[in-house]
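So the structure is just underneath, and the comments pick up after that.
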Amino acid sequence: MILAEIVFGLFLLLGIGRGYKAGAVQGIADILSSIIAFLLARWTYGFFAKLIALFAPHANGGIVYFVSFVLLFFTIWKIISMLFGIVVTMLKIVTKLPIISWFNKIFGAVLGFALSVIFVGATAYLVMHTMLDPQLMQWFGSSVVAGYCQKTFMNVLFFLV
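If you number the sequence shown the way the working numbering does, the last residue is 1616 and the count never jumps.
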């Protein structure tokens, strides 16, 4: 599916552009907050899925687990990002110096790429393991970019867990 390759490839390019614009300090904060949010959401989503199932008893189990994980991930990610935002704001003064600014942008682009790979990989991991939708699984499963991102994400996850 060439469309999947184009979509995932554009997402990776957008990650590079965002990382260049935001800089390395913001990129490090984003990656750390994403990793912490993923680990905490992965650890607690089963409990919240059971709570969601109480309100929607006839819902598909895979969808309930997926929704639970996504809600937890984004809530935790936002809270941690706000906390890291305080540190990033203080470090913006240092990163405005001429040579440091250039390195900050270059390393920010690299970290933006890494963050987008982690995001696509985590999404592919969730889609494939929650068995949410067969067509969506086929879309992610047939994509070389999504497969590479998922493999990279699993390697990162191996070191974290």
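Just so you know, even glycine gets a beta-carbon here, dropped at the ideal spot from N, CA and C.
Run the CB neighbour count on Gln1590, radius 10 Å, all protein chains shown included, and call it buried at 16 or more, exposed below. Indexing the sequence shown from 1 puts residue 1590 at position 135. Exposed is the call here.
Three-way DSSP call (helix, strand, coil) for Gly1563 in this model: Against the sequence shown, residue 1563 aligns to sequence position 108. In this structure, Gly1563 counts as helix in the three-state DSSP scheme.
Whole-Å CB distance - Ala1577 paired with Phe1493, under 8 Å assumed: What you label residue 1577 is simply residue 122 of the sequence shown in a count that begins at 1. What you label residue 1493 is simply residue 38 of the sequence shown in a count that begins at 1. The Cβ separation is near 6 Å, so the contact holds.
Return the Cβ separation of Ala1484 and Val1543 in integer angstroms, given the expectation that the two are a contact with Cβ distance under 8 Å. Taking the first residue of the sequence shown as 1, we reach residue 1484 at position 29. Taking the first residue of the sequence shown as 1, we reach residue 1543 at position 88. Right, the Cβ-Cβ distance comes to about 5 Å (below 8 Å), so this counts as a contact.
Whole runs of the beta strand (DSSP E) within the segment 1566-1601, excluding any shorter than 3 residues: Within the segment 1566-1601, no complete beta strand (DSSP E) run reaches 3 residues.
Put Pro1512 into one of helix, strand or coil per three-state DSSP. As a working note, residue 1512 is residue 57 in the sequence shown. Looking at Pro1512 - three-state DSSP - the assignment turns out to be coil, as it is neither helix nor strand.
Can you check whether the CB of Ile1531 is closer than 7 Å to the CB of Leu1495? Reading the sequence shown from its first residue, position 40 is the one you call residue 1495. Reading the sequence shown from its first residue, position 76 is the one you call residue 1531. Yes, the pair counts as a contact, with Cβ atoms nearer than the cut-off.
Please confirm if the segment 1461-1477 is in contact with the segment 1563-1579, defined as three or more CB-CB distances below 8 Å between the two stretches. Result yes; three or more Cβ-Cβ pairs closer than 8 Å.
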